[in-house]
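Novice:
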Amino acid sequence: MPDKAGSPVLTLHDVAVRAGVSPMTVSNVINGKNVVRPVTRQRVLEAIAETGYRVNATARSLAGGRNRLISVFTPQLNRPYASEVVQGAAQAADRLNYDLVVMMLVGASTSDFSTMTRLSAGALLIQPSREGQWGNIELPAHVVSVDGPSAHPLTVDNYGGARLAMQHLLALGHTEIGFISGLEAEPEVGDAAAYKETFERNDAHERLRGYREGLLAAGLPLQSEYVQHGDFTKLSGARAAEQLLQLSRPPTALFVSGDAMALGAIHTAQDRGWQVPRDLSVVGFDNLPLSAAARPALTTVSQPLHRIGEQAVQLLVGLAEGQETALPPPFLTELILRESTAAPRISWPGADL
Numbered sequence: 009m010p011d012k013a014g015s016p017v018l019t020l021h022d023v024a025v026r027a028g029v030s031p032m033t034v035s036n037v038i039n040g041k042n043v044v045r046p047v048t049r050q051r052v053l054e055a056i057a058e059t060g061y062r063v064n065a066t067a068r069s070l071a072g073g074r075n076r077l078i079s080v081f082t083p084q085l086n087r088p089y090a091s092e093v094v095q096g097a098a099q100a101a102d103r104l105n106y107d108l109v110v111m112m113l114v115g116a117s118t119s120d121f122s123t124m125t126r127l128s129a130g131a132l133l134i135q136p137s138r139e140g141q142w143g144n145i146e147l148p149a150h151v152v153s154v155d156g157p158s159a160h161p162l163t164v165d166n167y168g169g170a171r172l173a174m175q176h177l178l179a180l181g182h183t184e185i186g187f188i189s190g191l192e193a194e195p196e197v198g199d200a201a202a203y204k205e206t207f208e209r210n211d212a213h214e215r216l217r218g219y220r221e222g223l224l225a226a227g228l229p230l231q232s233e234y235v236q237h238g239d240f241t242k243l244s245g246a247r248a249a250e251q252l253l254q255l256s257r258p259p260t261a262l263f264v265s266g267d268a269m270a271l272g273a274i275h276t277a278q279d280r281g282w283q284v285p286r287d288l289s290v291v292g293f294d295n296l297p298l299s300a301a302a303r304p305a306l307t308t309v310s311q312p313l314h315r316i317g318e319q320a321v322q323l324l325v326g327l328a329e330g331q332e333t334a335l336p337p338p339f340l341t342e343l344i345l346r347e348s349t350a351a352p353r354i355s356w357p358g359a360d361l
């Protein structure tokens, strides 16, 4: 039966015939069921792309007349940050009787992703500013992002969390505090709009701002040599810490913009024969599961990643079902005190007394 534009309306059966599979197999692929062999799934996705089968047609063919698939995109599913968000999203989707399909962007090909999003009621983007491929994907009407731009962004009070970390270190008596940022380079400080436009990682520059303003509020100078940059990986934290600890007058404490980088910094200190926290205090950010298992256990700023994933799916479902929805306020952070911070020593390893 043709639609109003005169083109025939595609059905699930049409896609099944094109792919050489049963309509049930097509339905399983559309709904993200893990019961279809990868080769068959690829053939169905190609048939969907070739026929132009879209969400509205899917919705009419699915029970209840509504698509119940949510796509999740992340450039780094193998990192704890993304996996924590996804776990929360999966639990909320299961509770709301929606299916979740998680895809990691690697390489330049996005054809399968665009096909899947056309069949989705909504999409959740985790750290969308991290990769250039986002602009090449045809997204559904309803999009929610975590840690990045979209029509419905979920945000965390990163600045407030950074100030909590700084207040803790200052209260312990530290005045020489280094910082490892998640920015890969130092932005030009000047026009605020240009500053934000240059670096889309809002979390990274908000934590840097909290570090700087924490020092200024305490009447302490900003020392450029005390700031190093990483990319939220453990290796980058280790390298940044190496630069800081080899200074002629190294900091007595580090505030690190992510837990993975903080653990890398601790390992660098330990490799140099320093004891944490006796010789160096370290505070992280995220409160990933690995932070509590570290030795020493990491003092860190906690952000509710699991709850953020849940809220993202709840918001997407509300949008998809035509409910009145409002963005929640920025999620609050909390300082988790563990074993990696203490009052500073009078001197540091290798210093002249």
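Numbers given in the working numbering equal positions in the sequence shown, counted from 1, plus 8.
Beta carbons: idealized from backbone N, C-alpha and C, even for Gly.
Excluding the 5 residues preceding and the 5 following Leu288 in the sequence, name in chain order all residues of the same chain whose CB lies nearer than 6 Å to its CB.
Specialist: Here the question's residue 288 lines up with position 280 in the sequence shown. So the list reads Ala277 and Trp282, once near-sequence residues are dropped.
Novice: Would you kindly work out how many angstroms separate the C-alpha atoms of Val29 and Pro88, rounded to a whole number?
Specialist: Taking the sequence shown and counting its residues from 1, the one referred to as residue 29 is at position 21. Taking the sequence shown and counting its residues from 1, the one referred to as residue 88 is at position 80. Going by the C-alpha atoms only, they are around 37 Å apart.
Novice: Pop quiz: Ile56 and Ala90 are said to be a contact at Cβ under 8 Å. What is the actual Cβ separation, rounded to whole angstroms?
Specialist: For the purposes of this step, residue 56 is identified with residue 48 of the sequence shown, where counting begins at 1. For the purposes of this step, residue 90 is identified with residue 82 of the sequence shown, where counting begins at 1. In fact, because the Cβ distance is near 26 Å, the residues do not count as touching under 8 Å.
Novice: Would you report the Cα separation of Arg103 and Val110, rounded to the nearest angstrom?
Specialist: Locating residue 103 in the sequence shown gives position 95, counting from the first residue. Locating residue 110 in the sequence shown gives position 102, counting from the first residue. Looking at the two C-alpha atoms, the distance is approximately 17 Å.
Novice: Would DSSP call Thr48 helix, strand or coil?
Specialist: Counting from one through the sequence shown, the residue named residue 48 turns up at place 40. It is helical.
Novice: Please name the residue or residues paired with Leu327 in a DSSP beta bridge.
Specialist: Here residue 327 refers to the residue found at position 319 of the sequence shown. Per DSSP, none; premise fails for Leu327.
Novice: Taking the beta carbon of Ala179 as the centre, do at least 16 other beta carbons fall within 10 Å, making it buried, or is it exposed?
Specialist: Here residue 179 is taken as the residue at index 171 of the sequence shown, counted from 1. It is exposed - the Cβ of Ala179 has fewer than 16 other Cβ atoms within 10 Å.
Novice: Name the DSSP beta bridge partners of Ser289, please?
Specialist: Working through the sequence shown from its first residue, we reach residue 289 at position 281. For Ser289, which the question treats as bridged, DSSP gives the partners Ala261.
Novice: By alpha-carbon positions, which one of Asn210, Leu147 and Leu53 ends up nearest to Pro7?
Specialist: One cannot answer for residue 7 here, as it falls past the ends of the chain, which runs 9 to 361.
Novice: If you pair each beta-carbon of the segment 327 to 339 with each one of the segment 293 to 310, do three or more pairs fall below 8 Å?
Specialist: no
Novice: Which complete alpha helix (DSSP H) runs does the segment 222 to 274 hold, if anything under 4 residues is left out?
Specialist: 242 to 253
Novice: Starting from Gly169, follow the alpha helix (DSSP H) in both directions and report where the run begins and ends.
Specialist: Here residue 169 refers to the residue found at position 161 when the sequence shown is read from its first residue. Boundaries of the alpha helix (DSSP H) around Gly169: Asn166 to Ala179.
Novice: With a CB to CB cut of under 7 Å and the five nearest residues on each side skipped, what residues in its chain are close to Leu172?
Specialist: Here residue 172 is taken as the residue at index 164 of the sequence shown, counted from 1. Val309, Thr341 and Leu343, listed in sequence order.
Novice: Could you give the C-beta distance for Gly190 and Gly96, rounded to a whole number, given that I count them as a contact under 8 Å?
Specialist: On the sequence shown, position 182 is the one that residue 190 refers to. On the sequence shown, position 88 is the one that residue 96 refers to. Rounded, the Cβ-Cβ distance is 21 Å, inconsistent with contact.
Novice: Which whole runs of the beta strand (DSSP E) in the segment 296 to 328 are 3 residues long or more, in chain order?
Specialist: Secondary structure remark: continuous beta strand (DSSP E) runs of at least 3 residues inside the segment 296 to 328, in chain order: 307 to 310.
Novice: Kindly indicate the opening and closing residues of the beta strand (DSSP E) around Val25.
Specialist: Locating residue 25 in the sequence shown gives position 17, counting from the first residue. Not the beta strand (DSSP E): Val25 falls in the alpha helix (DSSP H), residues Leu20 to Ala27.
Novice: Go through its chain and collect everything with a Cβ distance to Thr163's Cβ below 6 Å, but skip five positions before and after it.
Specialist: To locate residue 163, count along the sequence shown from 1; it is residue 155. Only Pro338 meet the Cβ criterion.
Novice: Assign Tyr219 to one of two classes, buried (16 or more other C-beta atoms within 10 Å of its C-beta) or exposed (fewer than that).
Specialist: As a first step, residue 219 is located in the sequence shown; it is residue number 211 there, counting from the start. With 16 or more other Cβ atoms within 10 Å, it is buried.
Novice: Which of the three DSSP states is assigned to Asp102 in this structure?
Specialist: In the sequence shown, the residue the question calls residue 102 occupies position 94. If DSSP states are grouped into helix, strand and coil, Asp102 belongs with the helices.
Novice: If you run the structure through DSSP and keep just helix, strand and coil, what is Ser153?
Specialist: Counting from 1 along the sequence shown, the entry for residue 153 is found at position 145. In the structure shown, Ser153 sits in a strand (DSSP, three-state: E or B).
Novice: Quick one: Cα of Ala100 to Cα of Glu221, how far?
Specialist: If you number the sequence shown from 1, residue 100 lands on position 92. If you number the sequence shown from 1, residue 221 lands on position 213. Spanning the two alpha carbons is a distance of roughly 37 Å.
Novice: According to DSSP, is Glu184 part of a helix, a strand, or is it coil?
Specialist: What you label residue 184 is simply residue 176 of the sequence shown in a count that begins at 1. Looking at Glu184 - three-state DSSP - the assignment turns out to be coil, as it is neither helix nor strand.
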